[in-house]
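Protein chains in written order, with my numbering: chain V, 1 to 287; chain B, 1 to 455; chain L, 1 to 210; chain F, 1 to 258.
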């Protein structure tokens, strides 16, 4: 039994060079970004309820949005913010946007610019106001309970907020019919404790996958009416609004990589079992 | 040394007695409230620690268009367990309370105002049960404690409008207003209270008792270990690997890389990691291998230098110590990781030690280390990163084992005694969990409240 | 002198430890001042030690340059990058809109995000190598890992619609039980090490010798 | 130099040269330059997963220097200025919030003890600093471990066991509570050091090991998605911010037959 030959295919697969895995992972991420596969996405009830809330409000209702994240959480939160904002524009709701994180405003500005190209009739100071960032965290939230124009004397673009048409009807947290917050940390706790609970405003949250477990207890306690969690939630919202975009293709990437890892692990285990069988057979033959 | 421990132990006992007496003196206030005559009318459930209790039926002088319910009595008192910046309004649920009813609390400097609104809430919110820290549930024997489920509203006032904190020792007057469908009705009495600071936080009584209990157990077993140094401690698998890895590095003539984790010295796992570093340094010095320790925290750097130097000195090789081998990289998580990966790929250490606390970068480090073929030994209590250490390292000290290893390696009877004490505390805890679960299954629920952390 | 070297540090650790321990049970204003006073002082100490740490970093790289070890040119890059950053940072501060802020946004952040993103590669290769059913324990690890992994993405729905429910169940029950056990054990160990430090039984951190 | 030192310490909002820079670093050309540099460095840093190479080595050393410099500046502005220099020299703080507090000399001396390590024979002084710092933080964490770690987990583990089984749902509830109870206890037994793991104890600790393995596997599988999101984020930067939407769309359409 002089079989000291090249390792078999099975053995080579089990010792697969890690660089091949890296290349496959990179391809599995990049290809769906270029050509979205459109894998089916099942909408979960907690995303559906955020959608239903915005959908069922009468046209022209007041909605407050807070974007409390920075570029590090952009892959997950930006796509969901964009599709929620698009939904609000379609329903002709009035929108006020605040930011509690210092590095967040540029992302919101970028999102507004992109949506304005889709909906040129969407007008600043009439349909929406972008209040920008204000230091203070929880204090800002307490303060918007009093007035937006007092807390944010100037909007993001440096215009005075006092006297804007939208501010005349919508100048307080309490006047909001709904609030959506996008959270990469714990600012959402403040919104719930100091804001929406105090003024009895229903609120839904878009959160990163990492902080999602922190927010689910609020959902159970009905302090949040819905949660859009991570990329998956963003993709579900894109499906609901019928505009597949970044999150949908990113979700395809996710599925591809997960499938790749899954298949690789299953194959490796089958091969390893086969190898054990082979060795046993060889041992028996040698006896 | 012995005397120091004794002195310390007696000091602790005295302090605890003091604190307990403080606690109970406060308790006695609570249990024997000087009930004003009016409280009799209010019913049997007079509220504890109240400065003023008024029990008049709301005067119905003018009948409003909508019948706004009012609570039958209201009390205002100092907020317990605080630093003297809060007062608290308590009142029993009014008859006929609905969701639409709103209560508004206003504060004034005198009985006639001027009034500042400090809070307004619907009648479905702000229950006494939710105010855990100030009214600890484990004092279930307190009056008004049992069976109060959502019967008493409790509103704490710690700020005036504009976020002005209340001042200690100043009397504040409080007005309660109920509103329903646009109609308002004031509670007929204006009540007052004075914020006072407390010197013992009854909300943490259970923490203190457990701290003393566990602390005393550990100290007792340390004292016992001094008399009988042959305590049995089972072998911790993975510790032999430490010696093996050092030996292999020496054979191969390659350096050893030791990381103390990503956290600062405020984190106890960093101290455990540094303890193990001391032992590793002593052995490395015997074997004459090179020990590289890149650090992330400035203070950890200085302590690590001191420890390695001591290890080399103990091994009789102070000349082999080179302070430049224990160096600082940066405090930024990922540039630290990149630099350590660079060291791994270029110096190709034969053994990598990852001890202490880690964040997401853990897998970058261990995968790069695995690709260079090093023996990798990890020890961490970072539960989010444990899965990655367990799957990519040759040996992993899981959670408590990290601390045990630092004690085990020292082989000092005193430290081993503390391991024994730790085990006794564990037995106590397991027994409590089993008893508690059984009791709760048979309907005795208060047992759980004894172990509630109230923040 | 011997007292200052040996006994005094042990006593100081005891006094500090006890003071901060007792403080935790006192809600008064004084106790709050004590806490913030201590943490403020600790910040100052860390500030000084940071100077020491930076000297260590520079010394390490200067040494490489002086001895002309292989790749000493890269050490020059580190030294130059550090010096220009600290000068720009101290003069113009590090806010957005300053040169240091620009470097932060376009050099620091992308490199940080990239290092973070390499985890996607590493997690895949680690899963491939580690998820092998060599023993029964490894089989438990493998099954739990595969189910939770695939239950989180839409393709899990193809395999079985109950997969995501089952993966949530694993996270919320056996997995939570495991981590609970770890945390309880770690908490006890931390209590024991605290007691040893406060009572001066654990003194490794002070070094030894002289 | 002293003059510059004073200016650094002063707290008066924007300095004249900061105003003069205006939006130079936040608009237009510098963003294009930044995007290209960022894209290049992204590729440099990624290259090390293949193998060590001069590009990664360059990036790694640059990153090290920049992060150390950046964090030291932050230390200065966020720690030393408000906590040390202003209390010593309150007149430098233009906001007027600082008051003279000479007590900060003590931590200053303790901090100097650490720097004295550079002087041979003076190193032992730093032990006093370690004792102060470690003793204090240990005293802080001791009760916090109980309050924040031990008690909450303890409290959560103590649950009544729902014995009455009359439907599938209630059977699941019973199973869940048994799994939590047995799992947590068996892991604790696994961490038992005073006894050999044999017999009954050995059996229970085996259960503990299985519980741990399931926990680690599940947590591993749970994290994969978050890590891949990070790679997607970087890929999107390279493909859309750097190369540009249009080119990517055109490449995409080539394969779509469009």
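A virtual CB, placed ideally from N, CA and C, is assigned to each residue, including glycine.
On a predicted model such as this, the values are computed, not experimentally measured, just so you know.
Chain-ordered neighbours of residue i on chain L, where CB pairs are closer than 9 Å
i	result
residue 268 (chain V)	128, 129, 131, 132
residue 130 (chain F)	9, 13, 205, 206, 207
Spatially closest choice to residue i from the options, by CA coordinates
i	options	result
residue 123 (chain B)	B:426, B:179, B:388	B:179
residue 117 (chain L)	V:26, V:68, V:152	V:26
residue 142 (chain L)	F:243, F:63, F:218, F:228	F:218
residue 345 (chain B)	B:374, B:173, B:362, B:217	B:374
residue 206 (chain V)	V:222, V:72, V:179	V:179
residue 226 (chain B)	B:426, B:415, B:448, B:439	B:415
residue 241 (chain V)	V:9, V:89, V:61, V:94	V:89
residue 8 (chain V)	V:283, V:272, V:285, V:286	V:272
residue 147 (chain V)	V:195, V:159, V:109	V:195
residue 97 (chain L)	V:17, V:261, V:103	V:103
residue 232 (chain F)	V:268, V:254, V:209, V:59	V:254
residue 102 (chain B)	B:185, B:112, B:88	B:185
residue 183 (chain L)	B:429, B:395, B:444, B:440	B:429
residue 145 (chain V)	V:282, V:156, V:238, V:199	V:199
residue 90 (chain L)	F:103, F:94, F:74, F:95	F:74
Interface partners of residue i on chain F, CB under 9 Å
i	result
residue 174 (chain L)	179, 180, 183, 210, 211, 214, 215, 218
residue 273 (chain V)	By Cβ distance, chain F contributes nothing, its closest Cβ being about 19 Å from residue 273 (chain V), past 9 Å.
Partners in chain B for residue i, counting only beta-carbon separations shorter than 8 Å
i	result
residue 147 (chain F)	204, 207, 453, 455
residue 152 (chain F)	453
Presumed contact (8 Å Cβ cut-off) between residue i and residue j, rounded CB distance
i	j	result
residue 174 (chain L)	residue 214 (chain F)	5 Å
residue 279 (chain F)	residue 265 (chain B)	Nothing in the structure corresponds to residue 279 (chain F), since chain F is present only between 1 and 258.
residue 272 (chain B)	residue 406 (chain B)	4 Å
residue 134 (chain F)	residue 113 (chain F)	That pair is no contact at about 14 Å.
residue 269 (chain B)	residue 357 (chain B)	5 Å
residue 133 (chain V)	residue 99 (chain V)	4 Å
residue 380 (chain B)	residue 365 (chain B)	Not quite, the Cβ-Cβ distance comes to about 12 Å (not below 8 Å), so this is no contact.
residue 343 (chain B)	residue 298 (chain B)	Actually they are not in contact, since the Cβ atoms of residue 343 (chain B) and residue 298 (chain B) sit about 19 Å apart, beyond 8 Å.
residue 76 (chain B)	residue 212 (chain B)	With 8 Å as the limit, residue 76 (chain B) and residue 212 (chain B) do not qualify as a contact, their Cβ atoms being about 36 Å apart.
residue 304 (chain B)	residue 329 (chain B)	No, residue 304 (chain B) and residue 329 (chain B) are not in contact; Cβ-Cβ is about 12 Å, not under 8 Å.
residue 225 (chain V)	residue 204 (chain V)	5 Å
7 Å Cβ cut-off: residues of chain L touching residue i
i	result
residue 298 (chain B)	46, 49, 50, 52, 53
Under 8 Å from the C-beta of residue i: neighbouring residues of chain F
i	result
residue 75 (chain V)	229, 230, 232, 233, 236
residue 266 (chain B)	137, 140, 141
Under 9 Å by beta carbon: chain B residues contacting residue i
i	result
residue 37 (chain L)	By Cβ distance, chain B contributes nothing, its closest Cβ being about 15 Å from residue 37 (chain L), past 9 Å.
Amino acids of chain V, ordered along the chain, whose beta-carbon sits closer than 8 Å to that of residue i
i	result
residue 50 (chain F)	19, 22
Short-range partners of chain F found in the region 300-331 of chain B, where Cβ spacing is below 9 Å: 302, 303, 305, 306, 309, 323, 328, 329, 330, 331
Contact residues within the region 364-380 of chain B, judged by C-beta distance below 7 Å to chain V: 371
Cβ-based contacts, 9 Å cut-off: residues of the region 199-221 of chain V near chain F: 208, 209, 210
Any alpha helix (DSSP H) of 4 or more consecutive residues that is wholly inside the region 128-201 of chain V: 138-144, 148-151, 165-169, 187-190
Complete beta strand (DSSP E) runs within the region 198-275 of chain V (minimum length 3 residues, chain order): 203-207, 226-229
Near-chain L residues of the region 219-248 of chain B - C-beta to any C-beta below 9 Å: 219, 222
Interfacial residues, the region 81-92 of chain F to chain L, with Cβ spacing under 7 Å: 83, 84
4 or more residues per run - each alpha helix (DSSP H) lying fully within the region 111-146 of chain F: 126-144
Beta strand (DSSP E) runs contained entirely in the region 71-121 of chain B, provided each spans 3 or more residues: 74-78, 87-92, 102-108
Residues of the region 333-361 of chain B with Cβ closer than 7 Å to any Cβ of chain F, in chain order: 335, 338, 339, 341, 342, 345, 346
Short-range partners of chain F found in the region 251-263 of chain V, where Cβ spacing is below 8 Å: 253, 254, 257, 258, 261
3-residue-minimum beta strand (DSSP E) runs that sit fully inside the region 60-85 of chain V, ordered along the chain: 62-68
Residues from the region 60-78 of chain F in contact with chain L, defined by Cβ distance under 7 Å: 61, 62, 63, 64, 65, 66, 67, 68, 69, 70, 72, 73, 74, 75, 76, 77
Residues within the region 18-34 of chain V neighbouring chain F, beta-carbon criterion of under 7 Å: 19, 22, 29, 30, 33, 34
Residues of the region 94-107 of chain L whose Cβ lies closer than 7 Å to any Cβ of chain F, in chain order: 94, 96, 97, 98, 99, 100, 101, 102, 103, 104, 105, 106, 107
Residues of the region 138-168 of chain L whose Cβ lies closer than 9 Å to any Cβ of chain F, in chain order: 138, 139, 140, 141, 142, 143, 144, 145, 146, 147, 148, 149, 150, 151, 152, 153, 167
Unbroken stretches of the alpha helix (DSSP H), 4 residues or longer, contained in the region 394-438 of chain B: 400-410
Secondary structure, alpha helix (DSSP H): runs of 4+ residues fully inside the region 101-126 of chain V: 105-118
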